[in-house]
Each structure stands twice: as C-alpha cells, then as structure tokens.
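J.: Residue numbers (this note's numbering), protein chains in the order written: chain A, 5 to 392; chain B, 5 to 392.
The C-beta atom is built at its ideal place from N, Cα and C for all residues, glycine as well.
1) When you check each C-beta in the segment 80-103 of chain A against every C-beta of chain B, which residues fall closer than 7 Å?
2) Which chain B residues sit within Cβ distance under 7 Å of residue 45 of chain A?
3) Which of the three DSSP states, helix, strand or coil, is assigned to residue 137 of chain A?
4) Spatial neighbours of residue 200 of chain B within its chain, please: CB distance less than 8 Å, with the 5 preceding and 5 following residues excluded, ordered by chain position.
5) Does the beta-carbon of residue 178 of chain A have 16 or more other beta-carbons within 10 angstroms, so that it is buried, or is it exposed?
6) Which one of B:88, B:208, B:181 and B:332 has the shortest CA to CA distance from residue 244 of chain B?
7) What separation, rounded to the nearest whole angstrom, lies between the Cα atoms of residue 21 of chain A and residue 86 of chain B?
8) Could you tell me the alpha carbon to alpha carbon distance between residue 204 of chain B and residue 163 of chain B, rounded to whole angstroms?
9) Could you tell me the distance, in whole angstroms, from the CA atom of residue 276 of chain A to the CA atom of residue 27 of chain A?
10) At a Cβ threshold of 9 Å, is residue 343 of chain A touching chain B?
11) What are the residues in the segment 323-335 of chain B lying within 8 Å of chain A by C-beta distance?
12) Please report how far the alpha carbon of residue 344 of chain B lies from the alpha carbon of residue 353 of chain B, in whole angstroms.
13) Taking contact to mean at least 3 C-beta pairs separated by less than 8 Å, is the segment 250-262 of chain A in contact with the segment 318-325 of chain A?
14) Please go through the segment 9-83 of chain A and give each complete beta strand (DSSP E) segment of 3 or more residues, from N-terminal end onward.
15) Just the Cα atoms here: how many angstroms apart are residue 292 of chain A and residue 286 of chain A?
16) With distances taken from CA atoms, which of B:64, B:282 and B:166 is nearest residue 14 of chain B?
17) Over the uninterrupted alpha helix (DSSP H) stretch that includes residue 380 of chain A, give me the two end residues.
18) Quick check: the Cα distance between residue 62 of chain A and residue 159 of chain A, rounded to an integer number of angstroms?
19) Under three-state DSSP, which class holds residue 268 of chain B?
20) Considering only C-alpha positions, which residue in the set A:91, A:214 and A:132 is nearest to residue 60 of chain A?
21) Between residue 370 of chain A and chain B, is there a C-beta pair that is closer than 9 Å?
22) Give the residues from the segment 56-77 of chain B that approach chain A closer than 8 Å (Cβ to any Cβ), ordered along the chain.
23) Apart from the five residues on each side of it in sequence, which residues of its chain come closer than 8 Å, Cβ to Cβ, to residue 140 of chain B?
24) Does residue 50 of chain A come within less than 9 Å of chain B when only Cβ atoms are used?
25) Residue 130 of chain B lies in the alpha helix (DSSP H); which residues open and close that run?
26) Quick check for students: name the residue ranges of the alpha helix (DSSP H) that lie wholly in the segment 261-323 of chain A, counting only runs of 4 or more.
27) May I ask you to report which of helix, strand or coil DSSP gives residue 181 of chain B?
28) May I have the straight-line CA-CA distance separating residue 183 of chain A from residue 99 of chain A, to the nearest angstrom?
29) Please list, in chain order, all residues of the same chain as residue 269 of chain B whose beta carbon is under 6 Å from its beta carbon, the five residues on each side excluded.
30) Can you find the residues in the same chain that come closer than 6 Å, C-beta to C-beta, to residue 390 of chain A, ignoring five residues on each side of it along the sequence?
31) Residues of chain A with CB closer than 9 Å to the CB of residue 358 of chain B, please, in chain order.
32) Does residue 210 of chain B come out as helix, strand or coil in the three-state DSSP assignment?
33) Rounded to the nearest angstrom, what separates residue 185 of chain A and residue 47 of chain B at their Cα positions?
34) Measuring only the C-alpha atoms, how far is residue 103 of chain B from residue 196 of chain B?
35) Which residues in chain A sit within 9 Å of residue 338 of chain B, going by Cβ to Cβ distance?
36) One question on the structure: do residue 24 of chain A and residue 18 of chain A come within less than 9 Å of each other, judged by their Cβ atoms?
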C-alpha cells in the first residue's frame, strides 16, 4: 500500500498525537505544516530552497492552476511534482474555497468573518450540478463540478486531494449553512465516487467537515465524513469570527471524526493556533501567512509579541545580529537584521526572499518542537516558550 | 603586499592576456566579469547564490549607497563585505557616472549615446571643487568632490576603488569633452592624493581614461593615467554611439595605458563586446545587463541569435528541457523552460530569480571559456561558438 497513516503516540492529557503519514512521495511526521505554493511556486523560493529550509510537504491551489497554466498542461509536463521540481508529498485543494471566497469579493476576509459582507463578484451560479464562475484573469467562464474538481486534481497529480464543497461566508444564517453543508455532502459523495472510479493508488481524498459555527451541523458533517470511505479528514468551512470561536469549532468536530485518519485544518498558521488545534488532534495545517507576511518584512520569531518582528522598523537600522540567534536557517546564518532592513528600505527583491526563507524554516522548527513536546509530554511548557 | 597583478600569459596574435589579480579578499583570474550589486545586493540573489553560480567578483555603486543607507552606516556594519556577506574581491565606482548620467535625465542612454540629449535634472552645479546634485530619493542636496568620493569609498571598504571623473554625454563637442577630460585629470590627481593620504593597504585605485571618442584626447588621457601612481586603469567616459565605435575607442586607448596594470572596461557586458575588447587587452568588465534582462525573462544563451532567448515566448509553454542542456547552473539542473515560462506568465518572483542565476552562471562560464581560449590560442573558434 502506497498510503498509510500510523498514529505512533498519543498525548494522555489532550487529543494531541504523533503520526507517520506515508505517501508515494515519502513519509512525513505529523503534526506538520503544509506551505502554500499557490501557482505551483512558493512565492520567491525554489523547491530546493524549501527543502533546504526543512520543508516536508507543500500544496498548490487547484483554482489558480486550472486558470493558468491549466491542468492539461501540468499533466503534459509530468504533473505538479515534476513541473515544479518538488520531490516530497504534495496536496491540492478542490478549488471550492477560492471560487467562493474570491466570488464573494474578498480573498479570505469574508470566509474568516474578518471583513464586511460583500456581494458575489465572480460566482455566476451555484447549482446542484456545480458552480459557475469567471476567471479573475480573463473573465472566461468555468464550470466546476465535484467530478471535474476531482479530475482536475487527478491531472495535477498531487498525492493528497480534496472533495469539492460549498464554502459558506461568515454571518450567513443557520438555514443557509445547513443547506450548503448538505450540498457539500452530496458533492463529497460525488467527488469520492469520481475519485474511486479512476483510483490508481496514487492519490487519496480528504472528506470535508463543514457546518460553519453550528455545533449540531458540525457533528452531523463530521459523522458524515467518518462514515464515508475518505482516507483523510479536513476541517473546512467558516470557523467563526475569533480565535476562541475557531478553537471551539475545531474542538466540536474532533470527537466525531474518524479517529484513525489524518486530519487537516484548512487555512490556519499562527503559532498559537497551531498549539491550540494540535490539542484537538489536528495533524496538518496550511496557511499563506508565513510567506505572505515575509514579503512585507515581518519575520516570525519564537517568543516575540505578535509572534513576529517587523524588519522595516528603524530600530534594526544598525543591528548586526540575525533575526534569531537560535535559528539555523540560511538567512540567520548569513545575514544581519541591519542588512535585511536595508534591503527592504531600498526595495531589493532579496529582502522578501531572505525573510521568506527564515519564516519557512521557523514554521518547520515550530512543528519539530511541537512533535518533540507531544512525545515528551511538555506541550504546555513548549507552547509558553513560543507564545509567552 | 596584499595587492598584486601578474600577467601569466599573452596571446601572440592580439593584446589578449591572462592574469592573476590578488586582493586582500582573494585572487581572481582575468579576464573576468564583475557583477553589479548596485545597492549592496545583486538584484534577487544572495551573495551565497552568486558564489554558487561561480562568481569571483562583484561591485556596488557608491552613488546609490551614499544616498541610502549612507557610507557611515555601511562602515559601522563592518564595511560592504561584511554588510552583504560577500567574501571575495569587491569593486566600487566613484559615483561620478551616476551623478552625471542620472543628472542628464537618462540612466545610461545619454552616456552611451543611445538616447536623445536631455537637460540636466539632478545635477545642480559642476564646479572645479566638485559636483552638486540632488538625491533622487528625497531631493536632499549632496556635494561630491574627488576627496569625498574617495573617503566614501574608503568607508564602504571595497578592495578596488575609482577616482572621480566628469563623465561626458554622447554628442558633446570636442571642446566640452576636452575641458571635462582635463578636469577629470585634476580630479584624478586629487582622488589619488586623498587615497594615498589614508592608504592602509586595503584598497587600490583605478585611474580613468576619458576623452570621449576623440583619439588625441584618449591618448593624452591614457598617458596621463600611465604616468600616475594608480594601481589599475579603467576605460571610462563616452565610448561612442555604436559597437564598432566602442571597439575603436578601446583599441585607441590600449597601446597607451600602463601595460602591467589591470585594466577595467566600464559598463560593457555582451558576449561579443567581451570577446572584442579582450582582444584589446581588457582584463575585467562590468554591466547590469545579465541580471537586468533576467528580470524581463531574457536568458543568456551561448550561440543564440541576440545571445539570448526570451523565456516568455509562447514556444516554451510545454518545453520540458532546461534553458541550456550544456549549462551546469542550478536553474538548468532543476527547472524546465516550461516551468519558468509559467512563472513569468503568472508573475511569480521565482521566475526572475531562476533566470538571474542562469545568466550569472553563464557569464562566469563565458569568462572561463575566454580564459581557456586565450591560453589555448583558440579565441577565434571559441568566439564563433558563443557568437556565431
């Protein structure tokens, strides 16, 4: 069997656990973090630079790739792994999140409940068959169904793929959320059926737990995934309007999902959120956060207020020390805060690259620390070191 | 002695020669190419990536660094080598070229005679004492003299520094060129005197051959540098309006400069120009060309029409081969033209980075080939391979 998920250790005090997740492109230890290579590239870094920074697994976004260069081209080029020179395990989403979040006029603000409600912009129609939307690049119409989302992902060729869902915005009522959840279940069944129809042992599918912030819906959705033949589970859909609500929503799903399957939490990536959700049994996470904030000069820093420092702050003008003396990344081994501050000030491309390398390395280091802490039973203490 | 220039081989058929140029930061073989790290960064690449691409020597621009972050700050940070983590030999110019070229309203178009004559924009005054100009960043006034240009370069701390000159635009008459040349000579004497006053064995200075396209002036200027105690010579000032005129101007200087000093040709970097000017005895070259064109998707290619291919061309959409099958650079070992084409199409920062690595490697490979060809007496044949 090419895929395997083995739980090697359970924290007696929480739901936290250690696992080994085997795919045709290698085995990763969990908990782990999946970096976003949206358009088949981690912004500013090569696959080799990602490996050098200790990365085990990355993802690419189906939505962006189906628009450009298109899944047929990626398939002709040998699939995502070969296309982008990534040799390890890889994940693609279904495209649903982007269709609905871009469709509602804000990238993630709306889904995450942090922005005001905007009218749909690129979604043309949501029907039982699927969702019709316009390309944000050239306005061309696309129609995505559970079957086509699965086919596109098969052509892209990642190891881990995801069922199509209708991702609901924050602040929609229980009634709308319930209807969307039920459609997501039907779309999940169709996605899984399509996956099974062409299953060649090279991919496994995530079933999605939706239901917004409503406990009964979340439980119903979690049980639905548990009772289907998905290899993995992912917590999707709106997670509420605050960190506390997010932790609650994840905790409400956790006892009802399949206990032996790997669980992914979509779109979450701050230190504190990873610690809190690891405690609910989450095995993997993804977020654009580490590389996105890097491009604005925010360097992740263990123990710092807000989990980061802003390298553009004038206090670093003459700073001869690395971002983090205890960090072993390329950036911290070679460059000072003073130099990186200069690079941002004069807008040299090397600045974002150096901070991105540091942030990627730091996330991988965080996950190593989390795993060691689970094993040693020191999750509380290690969490306090990272997030005092 | 920390500095040494040794000519190890002379081509019997031309003025081409092989040399070993020793500096406090190491010895480089000549002919060689000096890459432009304008603001203390090769655009998009770290010093380590430059080393990995086989680079021996780089430069930074005094003009840009005196405006931001300022030479005092670079000195406080330990000098340019330490500031940017470059361990090899390093060169700074005097700032004169940028003051006059930016001052005349076009970066290099005017000096190189490829643009129309524009009125001065940031130069406020050129007087015997020095040149007053405005910062292009914040409008602040700066006054650069031969003494201050030398002091700034001492604080920046490169191994190789340059006298201040008044760089004349193309199409100015003989009279203006002659007056500017004489002033450059006086500025050169003052630059050299200032350098000698603080000489601690860590830097050596280039005397500049100016005189525009006028043979008698070029000869007079070349002899002036020869008779002064500069360690190196550089061919500066306007080199004419065509490649042919440039080769002629360089060839007219060559017999009159000091035959035992290293000679730099400022601002030249195409394959053909390097071959042609190596034949006139030029030892080093610099140009923004290899990294600038990379950012627009132009990849240098041995033997190609125009010396390059444009990776953004639709013909590379599904191309599974590297830019150059015979190239050993990181980019060609890991990535296909199809992938790099995709990166440029979707505007991923990795695209310019990958092509920059390739172009830097290719320039270094070119210089290795040039040196081997001089040694083997095969310059004609090797030139035809690179520029059929």
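T.: In brief:
1) 80, 81, 87, 88 and 89
2) Taking the first residue of the first chain as position 1, residue 45 of chain A is located at position 41. Those within 7 Å of residue 45 of chain A in chain B are 347, 352 and 354.
3) In the first chain, residue 137 of chain A corresponds to position 133, counting from 1. Three-state result, residue 137 of chain A: strand.
4) In the second chain, counting from the first residue as 1, residue 200 of chain B sits at position 196. Around residue 200 of chain B: 233.
5) Taking the first residue of the first chain as 1, we reach residue 178 of chain A at position 174. So residue 178 of chain A counts as exposed.
6) Position 240 of the second chain, counting from 1, holds the residue named residue 244 of chain B. The option with the nearest alpha carbon to residue 244 of chain B is B:181.
7) For the purposes of this step, residue 21 of chain A is taken as the residue at position 17 of the first chain. For the purposes of this step, residue 86 of chain B is taken as the residue at position 82 of the second chain. Cα to Cα, residue 21 of chain A sits roughly 45 Å from residue 86 of chain B.
8) Here residue 204 of chain B refers to the residue found at position 200 of the second chain. Here residue 163 of chain B refers to the residue found at position 159 of the second chain. Going by the C-alpha atoms only, they are around 11 Å apart.
9) The residue you call residue 276 of chain A lines up with position 272 of the first chain. The residue you call residue 27 of chain A lines up with position 23 of the first chain. Roughly 28 Å separates the two Cα atoms.
10) For this step, residue 343 of chain A is matched to residue 339 along the first chain. For residue 343 of chain A, the answer is yes, since a Cβ of chain B falls inside 9 Å of its Cβ.
11) 324 and 334
12) Numbered from 1 along the second chain, position 340 holds the residue referred to as residue 344 of chain B. Numbered from 1 along the second chain, position 349 holds the residue referred to as residue 353 of chain B. Approximately 10 Å between the Cα atoms of the pair.
13) no
14) Runs of the beta strand (DSSP E) inside the segment 9-83 of chain A: 21-27, 30-34, 36-40 and 61-64.
15) Taking the first chain and counting its residues from 1, the one referred to as residue 292 of chain A is at position 288. Taking the first chain and counting its residues from 1, the one referred to as residue 286 of chain A is at position 282. For residue 292 of chain A and residue 286 of chain A, the distance between alpha carbons rounds to 18 Å.
16) On the second chain, residue 14 of chain B is found 10 positions in, with the first residue counted as 1. Closest by alpha carbon: B:282.
17) Here residue 380 of chain A refers to the residue found at position 376 when the first chain is read from its first residue. Start and end: 354-380.
18) Here residue 62 of chain A is taken as the residue at index 58 of the first chain, counted from 1. Here residue 159 of chain A is taken as the residue at index 155 of the first chain, counted from 1. Residue 62 of chain A and residue 159 of chain A have their C-alpha atoms roughly 17 Å apart.
19) Counting from 1 along the second chain, the entry for residue 268 of chain B is found at position 264. If DSSP states are grouped into helix, strand and coil, residue 268 of chain B belongs with the strands.
20) To locate residue 60 of chain A, count along the first chain from 1; it is residue 56. Ranking A:91, A:214 and A:132 by Cα distance to residue 60 of chain A puts A:91 first.
21) Sequence index remark: in the first chain, residue 370 of chain A carries index 366 (1-based). No, because no Cβ of chain B sits closer than 9 Å to the Cβ of residue 370 of chain A.
22) Against chain A - using a Cβ distance shorter than 8 Å - the residues of the segment 56-77 of chain B are 68, 72, 73 and 77.
23) Taking the second chain and counting its residues from 1, the one referred to as residue 140 of chain B is at position 136. These residues qualify, in order along the chain: 71, 106 and 126.
24) Stepping through the first chain from its first residue, residue 50 of chain A is reached at position 46. Answer yes: the Cβ-Cβ gap between residue 50 of chain A and chain B drops below 9 Å somewhere.
25) Taking the second chain and counting its residues from 1, one reaches residue 130 of chain B at position 126. Where residue 130 of chain B is concerned, there is no enclosing alpha helix (DSSP H), although the beta strand (DSSP E) it sits in stretches over 127-130.
26) 275-282 and 293-298
27) As a position in the second chain, residue 181 of chain B is number 177, starting the count at 1. The answer is helix: DSSP assigns residue 181 of chain B an H, G or I state.
28) As a position in the first chain, residue 183 of chain A is number 179, starting the count at 1. As a position in the first chain, residue 99 of chain A is number 95, starting the count at 1. In a straight line, the C-alpha of residue 183 of chain A is about 20 Å away from that of residue 99 of chain A.
29) The residue you call residue 269 of chain B lines up with position 265 of the second chain. 239, 281, 286 and 289, listed in sequence order.
30) Within the first chain, residue 390 of chain A is the residue found at index 386, counting from 1. So the list reads 275 and 306, once near-sequence residues are dropped.
31) Counted from its first residue, the second chain places residue 358 of chain B at position 354. Result: 50.
32) Counting from 1 along the second chain, the entry for residue 210 of chain B is found at position 206. In this structure, residue 210 of chain B counts as strand in the three-state DSSP scheme.
33) For the purposes of this step, residue 185 of chain A is identified with residue 181 of the first chain, where counting begins at 1. For the purposes of this step, residue 47 of chain B is identified with residue 43 of the second chain, where counting begins at 1. Rounded to whole angstroms, the separation of the alpha carbons of residue 47 of chain B and residue 185 of chain A is 49 Å.
34) Working through the second chain from its first residue, we reach residue 103 of chain B at position 99. Working through the second chain from its first residue, we reach residue 196 of chain B at position 192. Their Cα atoms are separated by approximately 20 Å.
35) Here residue 338 of chain B refers to the residue found at position 334 when the second chain is read from its first residue. Per Cβ cutoff of 9 Å: 50, 51, 52 and 89.
36) As a position in the first chain, residue 24 of chain A is number 20, starting the count at 1. As a position in the first chain, residue 18 of chain A is number 14, starting the count at 1. Not in contact: residue 24 of chain A and residue 18 of chain A (Cβ atoms no closer than 9 Å).
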